[in-house]
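A short write-up of the structure that comes next.
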Amino acid sequence: SKTVKGGKKMSFRAIVVVGNERGQVGLDLSESEATTPVELTALGTALAVSAGAYHTCALDAGSRAQCWGQNDRDRLGRGGEGGGYFPEPAPVVSLGGFPAEFISCGRTFSCAGGAELPMTCWGQDDTGQQSERPPELADFRGPVEVGGWHGCVATGAREVSCWGANWVEQTGGSSTDYEPTHNVLSL
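The sequence shown begins at -17 in this note's numbering and counts up one residue at a time.
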């Protein structure tokens, strides 16, 4: 639950709609499409939710990151479980049970973090989505937004730091080659 203006408490439940060919909606794979809302009772109350290409992640009532859907490239953060489809939410192993305050899913990777957990990413890393994060972000605890193959954070007043693929200048640099990049942008 969350307290909003006027002291009223609101509660949120994870409800996911559309598609399911890889379990990302939380249904058995025999149900290839969700055409009506689906409540994920296994997750319970959700504080935040983010959808990637074929996976979905959420923060449960205890602020623990849980993911479900397709697990190729470890996009669900299940460690050594390998590929496959997992329609039930399960904790992200690499976070060690620490509570998170934000979560963001890209195409094949995700990131989470918060006051007790520096920004941690898992999943694919072929364009520097994880390995090209600048050293000054090693202990970063603020929100992150991730896209297809890149991520960005607001690092200060009027400054954004982006890393990963820059094929169409999505990290703000002028190079559009396939090499991972890191750019700091002044707004």
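Note that beta-carbon positions come from the ideal geometry of N, C-alpha and C, so glycine has one too.
Just so you know, these numbers come straight off a predicted model, no measurement behind them.
- Per the coordinates, the alpha-carbon of L99 lies some 7 Å from the alpha-carbon of R123.
- Contact check for H37 and C103: beta-carbon distance about 14 Å, past the 8 Å limit, so the pair fails to qualify.
- Taking a 10 Å sphere around the C-beta of G59, we find 16 or more other C-beta atoms and assign the residue as buried.
- Between the alpha carbons of A24 and V75 lies a distance of about 18 Å.
- Only residues of its own chain outside the window of five on either side were considered, and among them G88, Q152 have a CB closer than 7 Å to the CB of G129, listed in chain order.
- At least 9 Å separates the beta-carbon of A94 from that of A33.
- Going by beta carbons, D56 and Q111 fall outside the 9 Å limit.
- Under DSSP, P73 shares a beta bridge with Q48.
- When rounded, the separation of the alpha-carbon atoms in C134 and V126 is 6 Å.
- When secondary structure is reduced to three states using DSSP, D56 falls in the helix class.
- When DSSP states are grouped into helix, strand and coil, E127 belongs to the strand group.
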